[in-house]
Structures are given as C-alpha cells and as structure tokens.
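Asker:
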Amino acid sequence: MTPPVAATHSPELAHVQITKPVFNITRTDSSETVVETKEDYSGEYKFAPIQEAQVSRAMIRRYFHDMDEHTISDVIIVGGGSAGMSCAYTLAKNAPELKITILEANVAPGGGAWLGGQLMSAMVVRKPADNFLAELGVPYEDEGNFVVVKHAALFTSTILSKVLAMPNVKMFNATACEDLIVRKDPLSGGKRVGGCVTNWTLVSLNHDTQCCMDPNTITAPVVCSFTGHDGPMGAFCVKRLEKTGLVEKLGNMRGLDMMSAEDAIVNGTREVFPGLIVGGMELSELDGAARMGPTFGAMMASGIKAAHEALRVLSEVKVVDGQVIA
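So, in structure tokens, the structure goes:
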C-alpha cells in the first residue's frame, strides 16, 4: 500500500491576508444626454459629445441585429457586382416582402463596374439595356446601338445607394461564401442548394495559415450567384458544384466575342441546379460561353432575369423557416 503523501504548506504565505480593494465605478447610459451642437463653418463647428464605447455598441448592436434577422433569408445573392446589384434591385422592388441578403467578398461592392475596360472610366452599355439606366436615373450619351456613361461609377454608386436603402435588403461585405448548404430535395428526391456557408473574407483567405476557423451559415430557399469568371474567388458556386460532383464538368469561359457573348449570358441565366440560379460571368464558366469584355449590358440584364427566375422558383415551392418542404 502506498503511504499517503504529506501535504506541504508554504510558510511564507501561511499568514498573508489579502484585502479586497473597494472600487468606485459607476456605469451610466450617456446616450440620453443631449448637448447643444453648432453647425458653424467659420471656426465654431461643434459636434454632439460621444463616448468610444457608444460607437462600439452602436455598430455591434446594429450589425448583429441584421445578422440575426438575415440568418434565415428568402434569397441570398452571392456577389455584389453589376449583375448581383441589378438582381437585388429588381427583386427588392418587385417583391418588397422578401428578405434579401447580399454577400460580397470585397470590402467595396461593385465588382468590375467601377471602371470600363483597361482602367478607363467610361462605361459602354448596348441597347436595350439602356432602359435600366433610364429607370435608375443614370445619365448617358446615346451613340445609336449603344450608350456611354461618362464614368462607370455613376452606375455603380447609383444602384448601390438605391439597393442599400431598401428596407428588405442587407449587404454583408467583406464576407465570403465558403461553401453551399446542400440538402435532400423534397421535390425530386435528389439534392438541393439551401443556403450559404459564410465567413469573413480575411478568415477565408487565411485557412492555409491558421487552422480551425469555422464558418457561419445563412439559410435560404434560393441562392443567386454572380461571382464572376475564374479568379481568386470567381465562379465559386459553379466550381463548388463541380468539385462535389453535382455537375459533371465546367464548360470554361471561351475567348472574347461581344456579339455572341452578351446574348448567351442573358438568355442562359437560369436555375442551373435546384435552389441555385447562376448569371453574369460566372455562367460563362459553367456553359463555356464567350467573354464580352468591357460592355456591361449583359450583366445588368442577366441580374434582372435572375430576379424574375428567383420569383418563379419561390412561387412554385412551399417554404418553412427558409427551407423548401414541398
């Protein structure tokens, strides 16, 4: 039998008494304090007072309220470029009762629509997509078969301001779609896309340098993907379908042919897999369509068509808590 081990005591600490200090700390809600402000640009401008903690709480409260509200959405739009924003605008305008979530991997939304080709500022839009510019109130110069917007940022800033002001739309930028939620499809018995797996983009870009950075999820019966042609995060959703064996093979984008490319992208925009609608340049990677280069009409029209396709899909299914059940 092992003899008991004698307990040891530190003689230095045996008689030490620790006195708990008394803290004089008061926390108040200073948000109700109103102080006179002054809008005087002659040197007497005075802001209302604010505490750093108030700023932090206001941002956190609003952001995570939106995150909580959009955990179950009606439509998720992956990619906030010209096609994705055109889709969001059309959806939100025609169906204000829908909860629409936009995921944009970049800090700045807009994709490639801040400039025209080769870093030049003008945007070329072939008719009849000029009708969408007119609806948005974007000025342009008519050149016959096409129109020219003097700076592409006019279109992008206008549509962004309109979409983000809509009460049923929330954009999470600097947020990447890392994967798709795929469940059993109650309609076909096969598989169906049922939402997106998300993470902050800086986390997504560092999975090779850090481990165990798990994602989040957003559930939705319809996902519209406009992640662009192949690139660091381009064509993400269709590439994910291929890697998981849900589509046989990608067609890969062909060389540039403006005349065929824009028609093909708009006319081909569709539900490519149950629950997943693909448009814009991402579709060219799936279908093997040509690229169109620096003309933007197809991106706008593809987004508009995707919105109508999403409305059609939603009208044909029964959804409970973001999931198609019948």
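Sequential numbering of the sequence shown, starting at 1, is according to full-length UniProt numbering. Built from N, CA and C at the ideal position, the CB exists for glycine as well.
#1: Go through its chain and collect everything with a Cβ distance to residue 249's Cβ below 7 Å, but skip five positions before and after it.
#2: Using alpha carbons as the reference points, say which of 180, 207, 185, 187 lies closest to residue 195.
#3: For my contact list, residue 82 and residue 100 are in at a C-beta cut-off of 8 Å; report their separation, rounded to the angstrom.
#4: According to DSSP, is residue 67 part of a helix, a strand, or is it coil?
#5: Please look up how many angstroms separate the CB atoms of residue 79 and residue 228, rounded, as I've assumed it's under 8 Å.
#6: Would you kindly check if the distance between the Cβ of residue 278 and the Cβ of residue 272 is under 8 Å?
#7: Sort out for me which residues DSSP pairs residue 219 with in a bridge.
#8: Can you say whether residue 123 is buried or exposed, counting buried as having 16 or more other CB atoms within 10 angstroms of its CB?
#9: Note down, one range per segment and in chain order, each beta strand (DSSP E) of at least 3 residues found wholly within the stretch 134-172.
#10: Could you tell me the boundaries of the beta strand (DSSP E) in which residue 177 lies?
#11: Are there three or more Cβ pairs, one per stretch, closer than 8 Å when the stretch 106-121 is compared with the stretch 135-153?
#12: Whole angstroms is fine: what's the gap from residue 317's alpha carbon to residue 326's?
#13: For residue 270, which residues does DSSP report across the bridge?
#14: Report the partner residues of residue 323 according to the DSSP bridge assignment.
#15: Note down the Cα distance separating residue 127 from residue 297, rounded to an integer number of angstroms.
#16: Find out if the Cβ-Cβ distance for the pair residue 76, residue 220 is shorter than 8 Å.
#17: Can you grab the Cα-Cα spacing for the pair residue 71 / residue 217, in whole Å?
#18: Would you call the stretch 53-66 and the stretch 280-295 touching, i.e. three or more CB-CB distances under 8 Å?
#19: State the start and end residues of the unbroken beta strand (DSSP E) segment that holds residue 255.
#20: Express the C-alpha separation of residue 276 and residue 225 in angstroms, rounding to a whole number.
#21: From what residue to what residue does the alpha helix (DSSP H) around residue 90 run?
#22: Anyone know if the C-beta pair for residue 102 and residue 88 falls short of 8 Å?
#23: For residue 40, collect the residues of the same chain with a Cβ closer than 8 Å to its Cβ; drop the 5 residues on either side in sequence, then sort them by chain order.
#24: Going by DSSP in three states, residue 123 sits in which element: helix, strand or coil?
#25: Kindly indicate the opening and closing residues of the alpha helix (DSSP H) around residue 309.
#26: For residue 299 versus residue 280, is the C-beta distance shorter than 8 Å?
Answerer: This is what the structure holds:
#1: As a position in the sequence shown, residue 249 is number 249, starting the count at 1. Correct list, in chain order: 242.
#2: The count along the sequence shown starts at 1 and reaches residue 195 at position 195. Selected option, being the one with the closest Cα: 180.
#3: Working through the sequence shown from its first residue, we reach residue 82 at position 82. Working through the sequence shown from its first residue, we reach residue 100 at position 100. About 17 Å; that fails the 8 Å criterion.
#4: On the sequence shown, position 67 is the one that residue 67 refers to. In the three-state reduction of the DSSP assignment, residue 67 falls in the helix class.
#5: Translated into positions along the sequence shown, residue 79 becomes position 79. Translated into positions along the sequence shown, residue 228 becomes position 228. Indeed they touch by this definition, with Cβ atoms about 7 Å apart.
#6: The residue labelled residue 272 in the question sits at position 272 within the sequence shown. The residue labelled residue 278 in the question sits at position 278 within the sequence shown. Yes.
#7: As a working note, residue 219 is residue 219 in the sequence shown. Paired residue(s): 72, 195.
#8: Start at 1 with the first residue of the sequence shown, and residue 123 comes out as number 123. Flag for residue 123 reads buried.
#9: 146-149
#10: Here residue 177 is taken as the residue at index 177 of the sequence shown, counted from 1. Taken as a continuous stretch (DSSP letters only), the beta strand (DSSP E) holding residue 177 covers 175-184.
#11: Using a C-beta cut-off of 8 Å, the stretch 106-121 makes contact with the stretch 135-153, since at least three inter-stretch Cβ pairs fall below that distance.
#12: Here residue 317 is taken as the residue at index 317 of the sequence shown, counted from 1. Here residue 326 is taken as the residue at index 326 of the sequence shown, counted from 1. If you take the alpha carbons of residue 317 and residue 326, they lie about 6 Å apart.
#13: Here residue 270 refers to the residue found at position 270 when the sequence shown is read from its first residue. 278.
#14: By one-based count along the sequence shown, residue 323 stands at place 323. In DSSP, residue 323 forms a bridge with 320.
#15: Start at 1 with the first residue of the sequence shown, and residue 127 comes out as number 127. Start at 1 with the first residue of the sequence shown, and residue 297 comes out as number 297. Approximately 7 Å between the Cα atoms of the pair.
#16: The residue you call residue 76 lines up with position 76 of the sequence shown. The residue you call residue 220 lines up with position 220 of the sequence shown. Yes, the pair counts as a contact, with Cβ atoms nearer than the cut-off.
#17: Translated into positions along the sequence shown, residue 71 becomes position 71. Translated into positions along the sequence shown, residue 217 becomes position 217. Cα to Cα, residue 71 sits roughly 7 Å from residue 217.
#18: No, the stretch 53-66 is not in contact with the stretch 280-295.
#19: As a position in the sequence shown, residue 255 is number 255, starting the count at 1. Note, residue 255: beta strand (DSSP E), 254-256.
#20: Translated into the one-based positions of the sequence shown, residue 225 becomes position 225. Translated into the one-based positions of the sequence shown, residue 276 becomes position 276. Cα-Cα distance, rounded: 7 Å.
#21: Start at 1 with the first residue of the sequence shown, and residue 90 comes out as number 90. Unbroken alpha helix (DSSP H) run through residue 90: 82-94.
#22: Taking the sequence shown and counting its residues from 1, the one referred to as residue 102 is at position 102. Taking the sequence shown and counting its residues from 1, the one referred to as residue 88 is at position 88. Result yes, Cβ atoms of residue 102 and residue 88 sit closer than 8 Å.
#23: In the sequence shown, the residue the question calls residue 40 occupies position 40. For residue 40, where only same-chain residues beyond five positions count, the Cβ hits under 8 Å are 46.
#24: On the sequence shown, residue 123 is found 123 positions in, with the first residue counted as 1. Of the three classes helix, strand and coil, the one that applies to residue 123 here is strand, per DSSP.
#25: Reading the sequence shown from its first residue, position 309 is the one you call residue 309. It spans 297-315 - the alpha helix (DSSP H) in which residue 309 sits, taken as one unbroken run.
#26: The residue you call residue 299 lines up with position 299 of the sequence shown. The residue you call residue 280 lines up with position 280 of the sequence shown. The beta carbons of residue 299 and residue 280 sit closer together than 8 Å.
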